[in-house]
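The next block holds one structure in the form of structure tokens; read it before the comments.
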Amino acid sequence: MLTQEQNELLTRTGPGTPMGGLFRRYWIPALLAEEIPEPDCPPVRVKLLGEQLIAFRDSQGRIGLLDEFCSHRTASLFFGRNEECGLRCAYHGWKYDVEGNCVDMPSEPEGSNFKNRIKQTAYPCVERAGIIWTYMGPADKRPELPELEWALLEDDQRFVSKRWQESNYLQAMEGGIDSSHVSFAHRFNIDDDPMHAGTEGLKYLKADTRPKFEVAESDGGLVIGARRVADEENYYWRITQWIMPWYTIIPPFGTHNPLGGHAWVPIDDENCWAWSINYHPSRPLREDELAAMRAGDGIHVKYLPGTYRPLANKDNDFLIDRQAQKEKRSFSGVEGISMQDASLQESMGTICDRTKERLGTSDAAIILARRRLLAALEELDSTDVLPGAEPEHQRVRSTSIILPSTVPFQEGAKEALIAEPGTDFVSI
Amino acid sequence: MLTQEQNELLTRTGPGTPMGGLFRRYWIPALLAEEIPEPDCPPVRVKLLGEQLIAFRDSQGRIGLLDEFCSHRTASLFFGRNEECGLRCAYHGWKYDVEGNCVDMPSEPEGSNFKNRIKQTAYPCVERAGIIWTYMGPADKRPELPELEWALLEDDQRFVSKRWQESNYLQAMEGGIDSSHVSFAHRFNIDDDPMHAGTEGLKYLKADTRPKFEVAESDGGLVIGARRVADEENYYWRITQWIMPWYTIIPPFGTHNPLGGHAWVPIDDENCWAWSINYHPSRPLREDELAAMRAGDGIHVKYLPGTYRPLANKDNDFLIDRQAQKEKRSFSGVEGISMQDASLQESMGTICDRTKERLGTSDAAIILARRRLLAALEELDSTDVLPGAEPEHQRVRSTSIILPSTVPFQEGAKEALIAEPGTDFVSI
Amino acid sequence: MLTQEQNELLTRTGPGTPMGGLFRRYWIPALLAEEIPEPDCPPVRVKLLGEQLIAFRDSQGRIGLLDEFCSHRTASLFFGRNEECGLRCAYHGWKYDVEGNCVDMPSEPEGSNFKNRIKQTAYPCVERAGIIWTYMGPADKRPELPELEWALLEDDQRFVSKRWQESNYLQAMEGGIDSSHVSFAHRFNIDDDPMHAGTEGLKYLKADTRPKFEVAESDGGLVIGARRVADEENYYWRITQWIMPWYTIIPPFGTHNPLGGHAWVPIDDENCWAWSINYHPSRPLREDELAAMRAGDGIHVKYLPGTYRPLANKDNDFLIDRQAQKEKRSFSGVEGISMQDASLQESMGTICDRTKERLGTSDAAIILARRRLLAALEELDSTDVLPGAEPEHQRVRSTSIILPSTVPFQEGAKEALIAEPGTDFVSI
């Protein structure tokens, strides 16, 4: 349970808000590279942290992310012409390069100096892992580029998708941190997920439906352990990573299956992008795996054609199938892991009213994550280290592992939790 | 004409409002029993007086009406599982019985006492007349169960429907109290209604189009007499009952036809349920009558498939037929008595601005009804009797009757206005 | 750039606002005459300056424009019966004539005097040029009837259409004043417009893409000159008229082509009517010209069937054709001059935030127009002359003309800028 003031602090991310200021200090997954596939392709609208932006790829392939509205008379650059190394407003022809410089102003007399005094807001971008990332913070505070394990792999070792979630980012991200709901919302889906097929871990998962949770702070966020009895002397641990400010990594099932991860990025305070990533650190994804991911299986979704909005959405009650629910083919009756989460998270209202919650021991990770976000707000000006922004904070893995019951999980799983490039990961 | 303050007092019914407090002291028609037709059927969303609720029928057939949002993390119980005598949240498995007790909390360790400290808001329900009624007020103030004549009849003597009206309840209910508009909005429909067929009253109705109105207070609300000249020595009276807080009974045409009634129940301040009931106190409804009612004739309506929203609604200008209007097949061009009313009432805006009205003598009943509602607010704490809540306030009938012009209608129609179980009603 | 306060002053036109007060002093194009084509036809809703009104043509062909909501109980007169020289409310039968008098009140007793105390707000109307104009200001301030050149021509010399623009009137009107955007937004369309065919002016237009602008005040508004080099000693001038409060006239191309004009009229603060007029002062429009106009060519548009909403609208990104944009078949990729403007103007937001603009020398006319509107607000009470309201302010023309470079355009074009009835206009 939070106070209304705490809830506001955590959920408001627009310009000028404290949490918006913190988030602008990190690299932000902004759009899929495929949305602007080639030089001089049509520009696309992008909304991040409440700011309306326009993305384009110029004639030389450089990526621009500008304020959507032209500095001149505020017409949208969406209708602009992407040509000859710049985006030209369709109203009076003002033209901007990827850095926001006004490089042509044909409506003014030749020789006018006016265009040199115009600067369109522009955010630097980088393309990595099929994603265009941007940095919206102060220029002198720009952190190193993202080094999450999945961001550094070869393209054929990774599959990335995004979907529009019609809720605040926080209740979406809390679902990624909250291991407890897996036993319920996803109960009858665990077998079906191609990421789970034929693994030993499943045996323990089904035998003990009331895991105990332990949560520890990591340099970059939290490590969250869910412990189940394996045998008289050992525990089966499933350990989730939360990397600040919005990344989560799903504990794997067996080393032969791909890993999974998410990023939960605010569009504005009432919408977010749920990014979903599958990856394998030591082999390319197989064609059958990719086909399933493209078809919207596992953590990915089926879309309304031409959009990133899920086919199952709040306007159609997420296509809940009451018969499947009754017959225990699906715990919630909603199809797909991601949409099971989204249906419940969106049902809380666009911004969950956390003054009305009643949290239990299984909510420990959520409680700690909120606390860390609030603490980071306070530390923002006093320290030099931003949790989760350093490459070493990002080079982590989740794991599922058997440990003697006498060994603390952070110790026993220490090496398994590091993403050493080129190494295999640990998972049963 | 009301002051803005009076209009607010009368139209606002959410939690914490004075009128909302008054209405919560009565039994409230909440949903059709057929919406939750059998044990363990899917739960349905119900909104009443601005509160979002979820209704379900448990494994033993008991009815639950709970706060829609789970006490744990505020996910909607709409996506829940209705199973084994309780509704289980699909997020973390918390389970509630019909009284709102948390009877299972599988996300917490076995032996945890946490669930005993959780109580989901739950309102008691009763099923009567094909309607599920609820009581949302203080437990120690619960009144006796509803004893409106139509609520106590055998199932085959009654037909009930509901429709969504996109306006505040008050302007809807005022239409039920206001006998004057019948001569205009419904002018060319009176013959068509199966409830009117072949009755002597029609003769007087058509001969005198300017009735005089007399209104008297009853114990439970108002009795509203509309008087027309029958012959030199007699009046033809049509007498409507308003039973507080929101029931109206339509004066009958002949004893061989069914009676009609309504309830006008706030969904929130900008929407209401218009309940419509046909019934006959001394015989089952005939199959042809039921077929017409099911088809949306008379006071019932045709729906958008799968909803309780009328097919003719404000998005399509209520399918007004200008040709029918011009040719006097329909006074307003809108089809059906209920939709004629709804079209005009919704056209006033979702909450009618009563500071702009100009009321005449024909509006006497509306003026008195508002006055009684406002007076009841003041009396709420000082008296023990809540008008309309006592069974004897509810056991009333409307009537159409010939009386000598020297006899006051309340006196002359005294017996006809009482709903004596088992007796025939008086009507010409 | 404006202050927020100035922007509010200029864009707010509802009842009680300063600009709304100014606009109500002028005759206002309210609806097309064809919307109420014949006596006793169905009434239509009209919204102007934030007021919801209902227009009808009575049995004798007189035009009424009344407050939409009945004085009695505020039901909409849209559902009313237009019959026997009045509009009768469908709820209780109150009937109003075109002057707003309540001429029948059948719900009250015969002989009641109540109806004489009721006056429905009614605005006087006049039909001219296929448009129904209304005056919404104080009765004693009513100006003379509109005498714009196109308003006084024979019906066969003129074509009028209107389209709904989903933005404030001011950003729409600014597009009509702003000659500069023509070289960009409409660049590849100038040849196509039937109004431009085969004229000498085009030669100069294409040769010099950076015109210089000069703006002068006229009695009724502004005259805006765009000057291009014709040869060593002469300029090619294109001169636009702005007639207060909302009329613009497009400079012609050659005297054999029709002229064009617009009116930009607030529906409410977030919507406006863009009226488009083609006319020829000295000949009827040809059938091929009319066919093109009816088909939505030139300054006219194609509609969503049954509405005045353009087929290309903000819900479908104005059907932007990126291929046509890339291949320079269309500068913006949007089809049609009007929709090119509308797409850009609506993209600014429903009310453009002028505190964020950066205006250049080419925006001089816009700057002056805003200044004149603000000045007119201040002068409203102190002077007798309302700019643009006098017939002589309205009898003006736009022109395209060659003048020696030593001659000021107002002087050299003086006669060409006057709309002398029966004379040919000047244009190359």
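Protein chains in written order, with the UniProt record's numbering: chain A, 1 to 428; chain B, 1 to 428; chain C, 1 to 428.
Don't be surprised by glycine CBs; every beta carbon is placed ideally from N, CA and C.
- For leucine 344 of chain C, the nearest beta carbon of chain A is closer than 8 Å to its own beta carbon.
- Among the residues of chain A, those whose CB is under 7 Å from the CB of aspartate 353 of chain C are Thr74, following chain order.
- Remark: C-beta atoms of valine 265 of chain A and tryptophan 246 of chain A approach each other more closely than 8 Å.
- The three-state secondary structure of lysine 212 of chain C, taken from DSSP, is strand.
- For the set C:Glu390, C:Asp424, C:Pro42, the Cα lying nearest the Cα of aspartate 219 of chain C is the one of C:Glu390.
- What arginine 228 of chain A touches in chain B, judged by beta-carbon distance under 8 Å, is nothing: the nearest beta carbon there is about 13 Å away.
- Shown here, serine 107 of chain C sits in coil according to DSSP, grouped into three states, outside any helix or strand.
- Nearest in C-alpha terms to valine 160 of chain B, of all of B:Ser276, B:Cys41, B:Trp27, is B:Ser276.
- Rounded to the nearest whole angstrom, the C-alpha separation of valine 98 of chain A and glycine 306 of chain C is 44 Å.
- When beta bridges are read from the DSSP output, aspartate 231 of chain A appears opposite A:Asn234.
- Inclusion of leucine 53 of chain B and aspartate 40 of chain B in the CB contact set at 8 Å is not warranted, their separation being larger than that value.
- Within the same chain, Cβ atoms closer than 7 Å to the Cβ of alanine 263 of chain B are found at Pro29, Trp246, Tyr247, Trp275, the five residues on either side in sequence being excluded.
- Glycine 261 of chain A and tryptophan 150 of chain A do touch by the CB rule: their CB atoms are close to 6 Å apart, below 8 Å.
- DSSP places tyrosine 204 of chain A within a helical segment (H, G or I) once states are collapsed to three.
- Within 10 angstroms of the beta-carbon of valine 396 of chain B lie 16 or more other beta-carbons, which makes it buried.
- At a cut-off of 8 Å, the C-beta of histidine 181 of chain C has a neighbouring C-beta in chain A.
- Pairing phenylalanine 213 of chain B with asparagine 271 of chain B, the inter-Cα distance amounts to about 30 Å.
- For glycine 306 of chain A, no beta strand (DSSP E) segment is defined, and its DSSP state is neither H nor E.
- Taking the beta carbon of tyrosine 91 of chain C as reference, the chain B residues within 7 Å of it are His181, Phe184, Ala185, Leu344, listed in sequence order.
- Look at the stretch 215–289 of chain B and you find no whole run of alpha helix (DSSP H) that is 4 residues long or longer.
- By a beta-carbon distance limit of 8 Å, proline 251 of chain A contacts serine 400 of chain A. Their separation comes to about 5 Å.
- Spatial neighbours of glutamate 84 of chain C in its own chain (CB-CB distance under 7 Å, excluding positions within 5 residues in sequence) are listed in chain order as Ser59.
- Scanning its chain for C-beta atoms nearer than 6 Å, with the 5 sequence neighbours on each side dropped, one finds around valine 334 of chain B the residues Phe318, Ile320, Gln340, Ser343, in chain order.
- Under the Cβ criterion (8 Å, minimum of three pairs), the stretch 344–364 of chain B counts as touching the stretch 111–118 of chain C.
- Serine 332 of chain B does not reach chain A, its nearest Cβ partner there being about 33 Å away, counting only Cβ pairs nearer than 7 Å.
- Where isoleucine 36 of chain C is concerned, there is no enclosing alpha helix (DSSP H), because DSSP gives it neither an H nor an E.
- Legend: CB atoms of the stretch 356–380 of chain A lying less than 9 Å from CB atoms of chain B belong to residues Lys356, Glu357, Arg358, Leu359, Gly360, Thr361, Ser362, Asp363, Ile366.
- Membership of tyrosine 169 of chain A in the alpha helix (DSSP H) is indicated by the continuous run 169–177.
- Annotation for leucine 66 of chain B: the continuous beta strand (DSSP E) segment containing it runs 63–67.
- With respect to chain A, the C-beta atom of isoleucine 177 of chain C has no partner C-beta closer than 8 Å.
- Excluding residues up to 5 positions away in sequence, Gly86, Arg88, Val103, Asp104 lie with their Cβ nearer than 6 Å to the Cβ of lysine 95 of chain A in the same chain.
- At a Cβ-Cβ threshold of 8 Å, leucine 145 of chain C and arginine 128 of chain C count as neighbours.
- In terms of Cβ geometry, serine 427 of chain B and phenylalanine 253 of chain B form a close pair [threshold 8 Å].
- Taking 8 Å as the threshold, the shortest C-beta distance from arginine 81 of chain B to chain A falls below it.
- Under a criterion of Cβ atoms nearer than 7 Å, the residues of chain B adjacent to arginine 322 of chain A are, in order, Pro42.
- Rounded to the nearest angstrom, the gap between the Cα atoms of alanine 172 of chain A and histidine 300 of chain A is 15 Å.
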